[in-house]
Structures are given as structure tokens and as C-alpha cells.
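Novice: Residue numbers (this note's numbering): 8 to 117.
Virtual Cβ for every residue (Gly too), placed ideally from N, Cα, C.
Please read these numbers as outputs of a predicted model, since none were measured by experiment.
One structure, as C-alpha cells, below. Some questions next.
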Amino acid sequence: MALSNGTKEAIYLRKLLNELCDADVKSVRLLSDNKGAIKLAENPIFHRRTKHIDIRHHFVREALYNNVINIKFISTEDMAADVLTKALPSPKRYKCLEAPGIVSTDKYFR
């Protein structure tokens with residue numbers, strides 16, 4: 008479910024950047040910590056265990072096939088978005104704040 012929402016946002020942002028900045032963004036990289044979701048998106052074979060997937064989520068596979076998105080695995084420990092969604096202990100919070108390269112936590116938080 009999160010991967011399908013991320014795909015919708017990636018497609019929207021790609022179109023917005025292409026229109027506003029006259030940039031030619033070919034593919035948007037999505038980071039996911041769910042190996043099962045990545046495997047389902049990459050594997051077009053229909054299995055008994057995947058028949059519950061709603062048709063509206065198959066566009067993730069189509070976007071991946073058309074090279075609109077690029078899905079990469081990232082471990083839960085390295086997920087920088089956790090600082091926006093979870094209450095984290097201090098060491099993990101500092102790591103997540105430094106990961107995008109926007110802020111140096113040494114200067115502001117220590």
C-alpha cells in the first residue's frame with residue numbers, strides 16, 4: 008500500500024518537475040524497507056498468494072516496467088523518513104536528521 012502511494016507521488020512530482028523546471032526526469036527512485044512489496048512489484052507472475060492484490064495497485068508494476076520509478080531496498084535502520092513518522096531515541100534521531108544531508112546535527116543539537 009505504501010509503495011503504491013509512493014508511486015503516485017513520484018509520478019506527480021516527476022511531471023511537476025518536468026513542467027516547471029523544463030527538466031527531463033526519466034525515473035524516480037523509491038526506497039522501501041519491505042522486501043515482499045519489492046518482489047511483488049518486480050515479478051509479473053501471478054501466484055495463488057498474490058491474487059488478493061487489488062487491480063488499482065498493479066500500476067506500481069507497470070510504472071516499474073516503464074522505467075517511471077526505480078525501487079531500491081533500504082534497511083529499516085537506514086530509513087531517513089522515520090524521523091518524520093516515529094518517535095525515535097536520540098542517536099537514531101540524529102542519524103535520520105543527518106541522512107538527507109540537509110542539517111548537520113553537530114552544529115544544532117549537541
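In this structure, what does DSSP give as the bridge partners for Phe80?
Specialist: Answer by DSSP bridge pairing, in chain order: Ser39.
Novice: So, is Pro52 buried or exposed, given that buried needs 16 or more other C-beta atoms within 10 angstroms?
Specialist: For clarity, residue 52 is Ile in the given sequence; the question names Pro instead. The residue in question, Ile52, is exposed, as its Cβ has fewer than 16 Cβ neighbours within 10 Å.
Novice: Is the beta carbon of Ser34 sitting closer than 8 Å to the one on Ile78?
Specialist: Against a cut-off of 8 Å, the Cβ pair of Ile78 and Ser34 comes out as no contact.
Novice: Alpha carbon to alpha carbon, what distance is there between Ala17 and Ala30?
Specialist: Distance between the alpha carbons of Ala30 and Ala17 is about 15 Å.
Novice: Alpha carbon to alpha carbon, how far is Lys15 from Asn25?
Specialist: Lys15 and Asn25: Cα-Cα distance of roughly 16 Å.
Novice: So the candidates are Arg36, Arg68 and Val32; which of them puts its Cα closest to the Cα of Lys46?
Specialist: Residue Arg68 is the option with its Cα nearest to Lys46.
Novice: By alpha-carbon positions, which one of Lys42, Val75, Ala9 and Asn12 ends up nearest to Ser82?
Specialist: Here the closest residue by C-alpha is Lys42.
Novice: Measuring straight from C-alpha to C-alpha, what distance separates Ser11 and Lys22?
Specialist: The alpha-carbon atoms of Ser11 and Lys22 are separated by roughly 17 Å.
Novice: Give the DSSP-derived three-state secondary structure of His65 in the structure shown.
Specialist: Of the three classes helix, strand and coil, the one that applies to His65 here is coil, per DSSP.
Novice: For Asp29, name the three-state secondary structure that DSSP assigns.
Specialist: Coil.
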